[in-house]
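All remarks here apply to the structure that follows.
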Amino acid sequence: MATIDISVESLPENIIIVRVQGDKLDLSTAARFKDKMRDLIRYNVRMVLDLGAVQFVDSSGFGAILSCLRDINEHGGSMKICRVQKRVRALLELVRIHRILGIYDTSEEAVAAFDDATAIGK
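Structure, rendered in structure tokens:
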């Protein structure tokens, strides 16, 4: 059975980096991911989602990411994604998530994008 966990790093200016720890964000892990993210979203308005460990995302995983994006937007915040594996990034681009959600190579670039008025999903 696949497992998923998250770790959280708090930064100044109400920014958190959420590191997904698990190689799959799919049907078997999406509900747990959303549950873990729900409380974080309630209290944090700027979130960087680090997917560096994630090797595979299916439609349930994409749905979970979009659900988190919707929830954080409803709370007046924004979310960026970073360190996306090549295969996962190709899928994100295929379903055009990159057009509504900034995807960055590093967490530092994603954090800096919150202050960039031209960044996607600011």
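At position 111 of the sequence shown (counting the first as 1) the number is 111 in my numbering, and the numbers step up by one without a gap. By construction, the Cβ of each residue, glycine as well, lies at the ideal position given by its N, Cα and C atoms.
Here Gly102 is buried: its Cβ has 16 or more other Cβ atoms, across all protein chains shown, within 10 Å.
Proximity to Asp5 across Asn14, Asp35, Gly77 peaks at Asp35, based on C-alpha coordinates.
If you check the CB distance, Val88 and Leu51 come in under 8 angstroms. Scanning Lys86, Ile100, Gly76 for the CA closest to the CA of Ile65 turns up Ile100. Looking at Leu69, Lys80, Leu91, the one whose alpha-carbon comes closest to that of Glu109 is Lys80.
Within the segment 13 to 83, the complete alpha helix (DSSP H) segments of 4 residues or longer fall at 30 to 43, 59 to 74, listed in chain order. Cβ contact annotation for Val111 (same chain, cutoff 7 angstroms, sequence separation greater than five): Leu11, Ile15, Val48, in chain order. Within the same chain, Cys82, Arg83 come within 8 angstroms of Thr106 by CB-CB distance, once the 5 residues on both sides are set aside.
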